[in-house]
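Each residue of the sequence shown is one higher than the one before, counting from 1 in the UniProt record's numbering.
To start, the structure itself, in structure tokens.
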Amino acid sequence: MSNDFKPTNVLIIGGTGAIGAYITSSLLSAASPKPYTTLSLFTRPGWDSDPSSNKAKLIQHWQSQGLKVVTGNVESLDQAGFTQVFEEGKFDTVISCLGRATLKYQPKIIDAAEHSQSVQWFLPSEYGTDVAYNEKSASEPTHVGKLALRKHIREKIERLKVTYVVTGPYFDMWLYPIPGYEQAGGFVPSEKKAYVIDDGEGKVDDGEGKVGFCTMWDVGKFVTATLRHPTQSFGKALKVQSFIVTPKEVLAEFEKQTGSTFDVTETPLPEIQELEEVLWDKKSDNPQPNPQATFVTLRRIWAQGGTLYEKNDNEVLEVKQEDLDTLEEGVRRYLAGGYKAETFGVRACSANL
Ligand SMILES: NC(=O)c1ccc[n+]([C@@H]2O[C@H](COP(=O)([O-])OP(=O)(O)OC[C@H]3O[C@@H](n4cnc5c(N)ncnc54)[C@H](OP(=O)(O)O)[C@@H]3O)[C@@H](O)[C@H]2O)c1
């Protein structure tokens, strides 16, 4: 690959998902010159079977912005099938935004890219917590799948360039408490309630511990910026952040914007760790983890400082602070309904229709 590589034909897999929709939308609305010539979405067949569905409306809106559509299923398509998809579309860059349920198919997909004649650059599905933050990271149950893929890449991938975009928690999601496990953190403005984790050792100090966040819109911006900086990004896990704030600063912003005082529940970190033991079913010989275990563990990792760096990589991508969302903007959006009520498809469609 030459040193002046620039993405030409880009394929996004999982681009209609929770974060994928923000990434696809950001890439399509990128300022000219765009960081690609064509952008294609790999989505399951049947996406257009109900034209009134949000997904169909969203993809059709994106098509009007120039998106091409390739259909297939990551479960049933084998490695040779993927290689054929990549070569037929002359895709040189592949962005995976697959969700946790389909991360297990990524080794097959990246092997197909490695053995293709076309793909040069692959961005695996990360967009989250730094799975290699410190020596404890390897034993976090939430990190197993992504770490296994990184190992696979180190051992089996020689030709492709790979970049991981590590964003930390999505501020928009972190604001919502986990139903039934509110003590792991979140804000309920309708009840004027806030939940924060206190590590009990003075480190997190009653919601005073800093957390580095990305808003979901900014994740899209950072992936777009990554595509504009190929050589600076090759072989890296880029740590990018919208803002770094404490839960107490978030609380103050809620109280300012709503003009109300919130009732705050502080839960000591050891209680969260005990809850994790139960949710992961650790004492059982045949553990049956609760689906919410992942989210409680991630919130504990974030509260313990697992998103903090001496310096992040925003500058590597030449993304300036003034181009990013602020705490104020994030809280304002949440109070307006948040990402759940945002119904991304409808919003994205109505913005331009
Ligand atoms: N930092 C955070 O706070 C945070 C929060 C959530 C997730 N994440 C990370 O973000 C990444 C993406 O997760 P997500 O929650 O956004 O994903 P998701 O919404 O669960 O799924 C993404 C897409 O995968 C595609 N998909 C599912 N099954 C498929 C199949 N059999 N064949 C083809 N495509 C299939 C679907 O696309 P189609 O319907 O178009 O086929 C779906 O829209 C993950 O790495 C996750 O860990 C981070």
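Note that the Cβ used here is the ideal one computed from N, Cα and C, for glycine as well.
With DSSP collapsed to three states, give me the class of Tyr-334. It is helical.
Are residue 373 and Val-162 close, meaning C-beta to C-beta below 8 Å? For residue 373 there is no data in the structure shown, the boundaries of the chain being 1 and 353.
Let me know the secondary structure DSSP gives Asp-205 once reduced to three states. Here the model assigns Asp-205 a pLDDT of 48, short of 50, so the residue's position is not dependable, and the following value carries that caveat. If DSSP states are grouped into helix, strand and coil, Asp-205 belongs with coil.
If you scan the region 125-151 from start to end, which runs of the alpha helix (DSSP H) of 4 or more residues do you find wholly inside it? Taking only runs of at least 4 residues, no alpha helix (DSSP H) segment lies wholly in the region 125-151.
Using a threshold of 8 Å, state whether the C-beta atoms of Gly-180 and Gln-273 are closer than that. Taking 8 Å as the Cβ cut-off, Gly-180 and Gln-273 do not qualify as a contacting pair.
What three-state label does DSSP hand Pro-270 in the structure shown? helix
Have a look at Val-278, Glu-191, Thr-326, Val-10 and flag the residue whose alpha-carbon is nearest the alpha-carbon of Gly-89. Val-10
Start and end residues, beta strand (DSSP E) containing Trp-174: Not the beta strand (DSSP E): Trp-174 falls in the alpha helix (DSSP H), residues 171-174.
For Ala-21, tell me which candidate among Lys-108, Tyr-36, Ile-59 has the shortest Cα-Cα distance. Ile-59
If you follow the alpha helix (DSSP H) that Ser-25 is in, where does it begin and where does it stop? Taken as a continuous stretch (DSSP letters only), the alpha helix (DSSP H) holding Ser-25 covers 20-28.
CB-CB length for Pro-169 against Thr-307, believed under 8 Å: Going by Cβ atoms, the distance from Pro-169 to Thr-307 rounds to 7 Å, so yes, they are a contact pair.
Thinking Gly-66 and Gly-14 are a contact (beta carbons under 8 Å), I'd like their distance in whole angstroms, please. The Cβ separation is near 19 Å, so there is no contact.
Quick check: what's the CA-CA separation for Asp-4 versus Asp-92? 14 Å
Whose C-alpha, out of Glu-126, Glu-155, Gln-79, is nearest the C-alpha of Asp-111? Gln-79
CB Ser-26 to CB Thr-224, shorter than 8 Å? yes
Beta-carbon proximity check, Gly-330 vs Phe-171, cutoff 8 Å: yes
Where Glu-277 and Tyr-195 are concerned, what is the direct C-alpha to C-alpha distance, given to the nearest angstrom? 20 Å
Could you say if the region 48-57 and the region 119-139 meet the contact criterion of at least three C-beta pairs nearer than 8 Å? No: the two stretches stay apart, fewer than three of their Cβ pairs being nearer than 8 Å.
Can the beta-carbon of residue 354 be found closer than 8 Å to that of Ser-242? Outside the modelled stretch of the chain, which goes from 1 to 353, sits residue 354, for which no answer is possible.
Label Arg-154 either buried or exposed according to how many other C-beta atoms from any shown protein chain fall within 10 Å of its C-beta, with 16 as the threshold for buried. Result: exposed.
For residue 363, count neighbouring Cβ atoms within 10 angstroms of its own Cβ and tell me buried if that reaches 16, exposed if not. There is no way to answer for residue 363, as the model of the chain reaches only from 1 to 353.
Are the beta-carbon atoms of Glu-87 and Ser-64 separated by less than 8 Å? If you check the CB distance, Glu-87 and Ser-64 do not come in under 8 Å.
Where does the unbroken alpha helix (DSSP H) through Asn-54 begin, and where does it stop? 54-64
Inter-residue spacing [alpha-carbon to alpha-carbon] between Cys-214 and Gln-106: 24 Å
What I want to know is whether the C-beta of Trp-217 ends up closer than 7 Å to one or more non-hydrogen atoms of ligand 1. no
How long is the line joining the alpha carbons of Phe-295 and Ile-178, rounded to whole angstroms? 8 Å
Closest to Met-1 by C-alpha separation, out of Ala-18, Leu-39, Asn-54, Gln-120, would be which residue? Here the closest residue by C-alpha is Gln-120.
Alpha carbon of residue 354 to alpha carbon of Phe-82, nearest angstrom: The structure shown has nothing for residue 354, since the chain only spans 1 to 353.
Tell me Leu-41's beta-bridge partners as DSSP assigns them. Ile-12, Val-69
Please state whether DSSP places Leu-324 in a helix, a strand or coil. Reduced to three states, the DSSP call for Leu-324 is coil.
For Val-74, count the other beta carbons within 10 Å of its own beta carbon; 16 or more makes it buried, fewer makes it exposed. Which is it? buried
Can you tell me the Cα-Cα spacing of Asp-263 and Thr-246, whole angstroms? Approximately 17 Å, taken between the alpha carbons.
Exposed or buried, what is Ala-351 when buried is set at 16 or more other beta-carbons lying within 10 Å of its beta-carbon? Confidence in Ala-351 is poor, its pLDDT being 44 and thus under 50, which makes the residue's placement too unreliable to answer from.
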